[in-house]
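One structure below.
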Amino acid sequence: ALSDILQHQGIYILIGLILLGFGYSRFLKTERGKLIVHKIMLTSPIMGGITKKVNIARFTRNLSSLLKTDIPIVQTFSIIERTLGNIYFKRAMKETSEKVKEGVTISQVLEQHSELFPPILIQMVSVGEQSGTLEVIAEEIAQFYEEDVDQTMTSLPTILEPVIMLIIGAAAGGLVAAIILPIYSLSEAI
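The number in our numbering is simply the position in the sequence shown, starting from 1, with 553 added.
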């Protein structure tokens, strides 16, 4: 049955897959497509945690570095916005830049994005703002998240190994079924 479909409809399936791939790549270039894909990246079980940690590490590392320079704080967040990979983190930085210009503290703006920034990070930023040591605290936060990302990336293969084995097993089972079932059907017909 599967081999018949592939033999008779294979060209249509191939054309359909090519069109699907082309459509997906075009969809990713739209604003809505980026929003959906970046939201999936933030909420997926394995990638979500890694995406958040990488963006938080970049945010805090750049914040620490830029606070040590003479760059105004509003411009600092505009620069950080350009370094982040996820569109939701970019939007949070843009909003932070605008709100800080109005006199709102950084920690208050980050609180409004609690789905992106953990409470402990927001509290540490608040302490840094109040004590005047934000660049030092941001550097410590960056160090923590960078080490956490490194540790996660080294343990990722062991996490994904069972999933990959299941996929390979299912593919092998499907292949065996596609080969054996037609032979079994032929032997019954004889």
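Ideal Cβ placement from N, Cα and C applies to all residues, glycine included. Source: prediction; values computed, not measured.
- For Leu674 against Ile609, the beta-carbon gap comes to about 7 Å, under 8 Å, which counts as contact.
- Residue nearest to Ser617 within the set Arg611, Ala691, Leu663 and Ile736 is Ala691 (criterion: CA-CA distance).
- A contact is defined here as three or more CB-CB pairs under 8 Å, and the segment 619-631 fails this definition with respect to the segment 576-593.
- Between the alpha carbons of Val678 and Ala724 lies a gap of roughly 49 Å.
- Between Leu567 and Gly681, the alpha-carbon positions lie close to 57 Å from each other.
- From the listed residues Val716, Glu664 and Ile626, the smallest Cα separation to Ser650 is found for Ile626.
- If you look at Phe612, you'll find it in the alpha helix (DSSP H) that goes Pro598 to Leu620.
- Within the segment 649-707, the runs of alpha helix (DSSP H) that reach at least 4 residues and sit entirely inside it are, in chain order, 659-664 and 672-684.
- Distance between Val590 and Ser740, taken at the CA atoms: about 49 Å.
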